[in-house]
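Sequence lines, in order, name chains U and B. FYI, in my numbering the residues of the first sequence are 1 to 81. FYI, in my numbering the residues of the second sequence are 1 to 808. Heads up, the thing below is written out as structure tokens.
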Amino acid sequence: MSAEIKSEVRTFLDASLSGGASAIQDDTKLISSRLLDSILALRLVTHLEAKFNIEFAAHEVTADNLESINRISEFVSSKMK
Amino acid sequence: MEETTHIGKRNVMDFTYALFASSCLTTAIIGLEFENGGPAKYVLPFIPLIFIFTYWFSKQFSYYAIAAGAIASSYFFLGAINTIALVTLVAAYIFIITAFKKTSLRILWAIFLTAVLAVLRIGFVNLPFIPLAVPVVGSMIMFRYVLMLYEHHYEKPESTWIQKFTYLILPPALAFPLFPIVDYKSFLRNHHPQDSSVIKTGLTRIAAGLIFMMSFRILYLYFIPGYVEVHDALSVFTYTICNYLYILNVFGVMWIAVGYLGILGFDLPPVFNYVFLIDNFRDIWRRINVYWRDFMVKLVYYPLYFNLRKKTKAAILITSLTTLTISAMLHGWQWFWLQGTFVLHAPGIIFWFVIGLVISINLAMQNPIGQAPKTLSPAIRALRITGMFLFMCIMWSLWNSSSIDEWIHLLSYYTIGTPMMWIIITAILFGIFLLHFIIQRLPEKPAGHHILNKAYHPAAILTVCALMLAPLLPNISEKIPGITGEFLASVSKAQLSDADQSAATENYYNRMLASDGMGSRPWEVHTPGRDAQSGLDDACVRSENLLVRELIPSKVTVINGWTITTNSFGMRDDEYALEKPESTYRIAILGASYEMGSGVAQDSTFEALLEKMLNDSLSPKNIEVLNFAVGGYHLPQLVWVAENKLPQFQPDLVLCFVHPADAARTSDYMANMVRNGIDLHYPELYQIRKESGAEQHMEQKVLVNKFYPFTGRITEWSLGTIYATSKSMNAEFGVVYLPSLQGADDSKYYAGIATKPTLFFNLSGIYGSNPSNYELPGDPTHPNAEAHHKIAAELARQLAPIIKGQNP
Numbered sequence: 001m002s003a004e005i006k007s008e009v010r011t012f013l014d015a016s017l018s019g020g021a022s023a024i025q026d027d028t029k030l031i032s033s034r035l036l037d038s039i040l041a042l043r044l045v046t047h048l049e050a051k052f053n054i055e056f057a058a059h060e061v062t063a064d065n066l067e068s069i070n071r072i073s074e075f076v077s078s079k080m081k
Numbered sequence: 001m002e003e004t005t006h007i008g009k010r011n012v013m014d015f016t017y018a019l020f021a022s023s024c025l026t027t028a029i030i031g032l033e034f035e036n037g038g039p040a041k042y043v044l045p046f047i048p049l050i051f052i053f054t055y056w057f058s059k060q061f062s063y064y065a066i067a068a069g070a071i072a073s074s075y076f077f078l079g080a081i082n083t084i085a086l087v088t089l090v091a092a093y094i095f096i097i098t099a100f101k102k103t104s105l106r107i108l109w110a111i112f113l114t115a116v117l118a119v120l121r122i123g124f125v126n127l128p129f130i131p132l133a134v135p136v137v138g139s140m141i142m143f144r145y146v147l148m149l150y151e152h153h154y155e156k157p158e159s160t161w162i163q164k165f166t167y168l169i170l171p172p173a174l175a176f177p178l179f180p181i182v183d184y185k186s187f188l189r190n191h192h193p194q195d196s197s198v199i200k201t202g203l204t205r206i207a208a209g210l211i212f213m214m215s216f217r218i219l220y221l222y223f224i225p226g227y228v229e230v231h232d233a234l235s236v237f238t239y240t241i242c243n244y245l246y247i248l249n250v251f252g253v254m255w256i257a258v259g260y261l262g263i264l265g266f267d268l269p270p271v272f273n274y275v276f277l278i279d280n281f282r283d284i285w286r287r288i289n290v291y292w293r294d295f296m297v298k299l300v301y302y303p304l305y306f307n308l309r310k311k312t313k314a315a316i317l318i319t320s321l322t323t324l325t326i327s328a329m330l331h332g333w334q335w336f337w338l339q340g341t342f343v344l345h346a347p348g349i350i351f352w353f354v355i356g357l358v359i360s361i362n363l364a365m366q367n368p369i370g371q372a373p374k375t376l377s378p379a380i381r382a383l384r385i386t387g388m389f390l391f392m393c394i395m396w397s398l399w400n401s402s403s404i405d406e407w408i409h410l411l412s413y414y415t416i417g418t419p420m421m422w423i424i425i426t427a428i429l430f431g432i433f434l435l436h437f438i439i440q441r442l443p444e445k446p447a448g449h450h451i452l453n454k455a456y457h458p459a460a461i462l463t464v465c466a467l468m469l470a471p472l473l474p475n476i477s478e479k480i481p482g483i484t485g486e487f488l489a490s491v492s493k494a495q496l497s498d499a500d501q502s503a504a505t506e507n508y509y510n511r512m513l514a515s516d517g518m519g520s521r522p523w524e525v526h527t528p529g530r531d532a533q534s535g536l537d538d539a540c541v542r543s544e545n546l547l548v549r550e551l552i553p554s555k556v557t558v559i560n561g562w563t564i565t566t567n568s569f570g571m572r573d574d575e576y577a578l579e580k581p582e583s584t585y586r587i588a589i590l591g592a593s594y595e596m597g598s599g600v601a602q603d604s605t606f607e608a609l610l611e612k613m614l615n616d617s618l619s620p621k622n623i624e625v626l627n628f629a630v631g632g633y634h635l636p637q638l639v640w641v642a643e644n645k646l647p648q649f650q651p652d653l654v655l656c657f658v659h660p661a662d663a664a665r666t667s668d669y670m671a672n673m674v675r676n677g678i679d680l681h682y683p684e685l686y687q688i689r690k691e692s693g694a695e696q697h698m699e700q701k702v703l704v705n706k707f708y709p710f711t712g713r714i715t716e717w718s719l720g721t722i723y724a725t726s727k728s729m730n731a732e733f734g735v736v737y738l739p740s741l742q743g744a745d746d747s748k749y750y751a752g753i754a755t756k757p758t759l760f761f762n763l764s765g766i767y768g769s770n771p772s773n774y775e776l777p778g779d780p781t782h783p784n785a786e787a788h789h790k791i792a793a794e795l796a797r798q799l800a801p802i803i804k805g806q807n808p
């Protein structure tokens, strides 16, 4: 499941960032490096909710959960359990 | 932070460099008066001192060192009682979090405590012994406390009592009322006090902040026109652009504040994100004040959006507008604590509403999820950046306006332009476009790269230190003659530009920076005795003519520690006979607060000293110097005094004192007269009013702008009329140019007007190279007793030959 989530996030980033996601590793910092701003983070959350049938709370849209592809994957997985 | 390891490899070299550089940068900030006479000068010197402890002792101990430093600096800034009050209040807020487990109870108690403080701030209950602690807590600590409450509700982060205390009372925050809202979690997690990379990045940011502030100072002193100088398309265009560049000062304060936190080991993200590269409306939100944006997104935007997103399709629109509106109100909240009043600033609300609206529209028009944004060509992006720059300039001018009418009046000057003006405007815009086009062609930096997010080589930082300290070298302007020396002298201290001497710029950030500055004046609201002029009304009676007010005869009035004693004719002077005694030479002085001697003892005013000096040197001649000056008088009022009060005293010499920017201040006076419907009395003044198009219903700033082109004419008419009046009394007439303690020398202007046979006495340079030595304590705008003595001595020297040559 983790691989699927990661793939989905990567696809999203590839399509959303002007430079694509080819240089982004699983542990690349997305929030603190400002690759993901608050608006894009919201779009990613909406996308993940629709794809994996989960629901984020407002306070969960944080660097703790969205800082890297790895973190996103862990958090989404935990939501799906 | 790039290439940060956070491994605590302490070494003496890094420590020595950081201590030396931070001390130099702090010296530069204080020496160059970027602290504006505010609390920074008490607080910042402690930070290199705290750094010694944070660098060499354990991480946990570093919090104690920072807290102790904050308390010590607060003691020097606020005094013992206020510091105890401050610590107690902060402790009370932390107690609310630790004592109550339920968030609702925490919020309830926090609201209760804040309400108590608000009542104190408004002044419903007067507790004179803690006046300063209340605005400090309200304006500086409250936003961070809200973040703390939020995080403790959702995340319950592990934090000790001392960490909470340090977060709320951060020493750099005490120095800067306009302090970035540091994220609580970042504060707790990213503290690496031994990490050289973090510390050196902090130094980079302080050095950059200094460069921003110095750039702003140079722009301010040499390039930014005043509102009153706007009279056509080109000047309004220049004004609009330059006004937006006030943001450089905000950059400076914010980067310096974050830089100091870096020295203490806090690894924090950049506070601005290349503001001048905004290329679409959504970018405004992304690039301006990142810390504030994150605060608002966490506390307002996300909670509201998640609440609305399943209820309405307009969730983004509603959320964006609400967030920006609350953002505007929170600026008002901060201002409330600083000023004690809550003012609804209509242009500010419209500014935020429009920004919110365009961002919302931009968000609504964004590509569907998963569809990448188009890659723009460098030319298109440069064009968009130029367009957004123009948009921001226009919007910023709205925010800076005190009313909508004033803003519309300002923009109306765009309709007054010659083809040449429009060619110049187009050329400037093309230049901006070209600059951005070149920037777009530069190799692309990796995502997240920021020029101020890395440790620069010590040589670069030390070069900045040397350049910034250079203007502070003793007597620099005398050692380096010419323009360079004058330039170094002018940038070495905080001073008002010519434009701002006549009309203070109404601007939120500028008010924050220049008036409370890196902080002084809002704190001074409660500090008595600061302004020598305040309280003068007690010594005056309202006048129904254009004098507006006159000193009450035979009255002793104590004003903030100095005394005005008037004689039976309503002069701040000794008693004189109305009829001039035999063998007496009489000098009548016309002027305002300088000449009246605001803030100094009556026998120490230059007028009193001049009389004594002249009598000592010219004995047996009897010299009388009569002081007709009244604080706040302007040239037209001096005309009235000359015509209506002087003749009965039969003066032999009438001295009219003028100062830098007096001409400009005259437009303020005229605006006030028209706005208050006061009879202008003189046909010439009525004619000028008619020609200016000034109407009573107009905003003050608009009126000032309308009269400004006529100030030269008013000045010439005033001096010419006083000259004619003097001649009709068989008196000589002299114009005395007395420089102010701040501002440029415009003596040549008055020398040009006061042509022969008028006498002209030029006191330029009377204060030497460092006028600030002669400022009245607590009132930098008026000269102290020492200055009065110098003025009297110089005037006596220049007047003696003239008096000797006359037979009274």
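Cβ atoms here follow ideal geometry from the backbone N, Cα and C, with glycine treated the same way.
Residue state for B:PRO347 is assigned as helix, using DSSP reduced to three classes. Judged by pairs of C-beta atoms under 8 Å, the stretch 82–98 of chain B touches the stretch 132–141 of chain B, as three or more such pairs exist. Within the same chain, and ignoring the five residues on either side of B:ARG689 in sequence, the residues whose Cβ sits closer than 7 Å to its Cβ are VAL674 and LEU680.
At a cut-off of 8 Å between beta carbons, U:LEU42 contacts chain B.
Under the 8 Å criterion on CB atoms, U:SER7 is classed as non-interfacial with respect to chain B. Residues of chain U with a Cβ closer than 7 Å to the Cβ of B:LEU363 are, in chain order, ILE39. Fewer than three pairs of CB atoms, one per stretch, sit closer than 8 Å, so the stretch 424–442 of chain B makes no contact with the stretch 185–195 of chain B. Beta-bridge partners assigned by DSSP to B:ASN622: B:THR584.
With respect to the 8 Å criterion, B:THR83 and B:TYR75 are classified as neighbours on the basis of their beta carbons.
Contact annotation, U:LYS6 with U:ASP26: C-beta distance approximately 6 Å; criterion of less than 8 Å satisfied.
At a cut-off of 8 Å, the C-beta of U:VAL61 has a neighbouring C-beta in chain B. B:TYR246 carries a coil assignment under DSSP once its states are collapsed to helix, strand and coil.
In the displayed model, B:ARG549 falls within a strand according to three-state DSSP. Look at the stretch 422–489 of chain B and you find these whole runs of alpha helix (DSSP H), each 4 residues long or longer: 458–469 and 476–479. Assignment of B:GLU607 by DSSP, reduced to helix, strand and coil, places it in the helix class.
Under the Cβ criterion (8 Å, minimum of three pairs), the stretch 392–411 of chain B does not count as touching the stretch 312–323 of chain B.
DSSP, read as helix, strand or coil, puts B:HIS788 in helix. B:LEU638 is positioned such that its CB atom lies closer than 8 Å to that of B:SER718. Taking B:ASP537 as reference, the option from B:ASP283, B:ILE559, B:ALA70 and B:LEU105 with the minimal CA-CA separation is B:ILE559.
Short of 6 Å from the beta carbon of B:THR54, and not among the five residues preceding or following it, lie these beta carbons of its own chain, in chain order: SER62, ALA65, PRO193, LEU264 and GLY265.
Less than 8 Å divides the Cβ of B:THR758 from the Cβ of B:VAL735. Below the 8 Å Cβ cutoff, chain U contributes no neighbours of B:ASN280, its closest Cβ being approximately 12 Å away. Not a single CB atom of chain U sits nearer than 8 Å to the CB of B:ASN705. Closer than 8 Å to the CB of U:SER32 there is at least one CB belonging to chain B. Taken through DSSP and simplified to helix, strand or coil, B:PRO777 comes out as coil. Between U:LEU66 and U:ALA50, the C-beta gap is not smaller than 8 Å, which leaves the two residues out of contact. When DSSP reads this structure, B:THR565 sits in a beta bridge with B:VAL556.
Closest in alpha carbon position to B:PHE710, among B:GLU699, B:LEU132 and B:TYR686, is B:TYR686. Neighbourhood of B:PRO269 in chain U, by CB distance below 8 Å: SER32 and ARG34, in chain order.
Residues of chain U whose Cβ lies closer than 9 Å to the Cβ of B:PHE251 do not exist; the shortest such Cβ separation is about 18 Å.
Against chain U, the beta carbon of B:ARG286 has neighbours under 7 Å at ASP37, listed in chain order. For B:GLY734, the enclosing beta strand (DSSP E) begins and ends at 732–737. B:PHE266 carries a strand assignment under DSSP once its states are collapsed to helix, strand and coil. Residue range 378–400 is occupied by the alpha helix (DSSP H) that includes B:ASN400. Taking a contact to require three or more Cβ pairs closer than 8 Å, the stretch 252–271 of chain B and the stretch 11–18 of chain U do not qualify as touching. Here B:GLY712 is exposed. Its C-beta has fewer than 16 other C-beta atoms within 10 Å.
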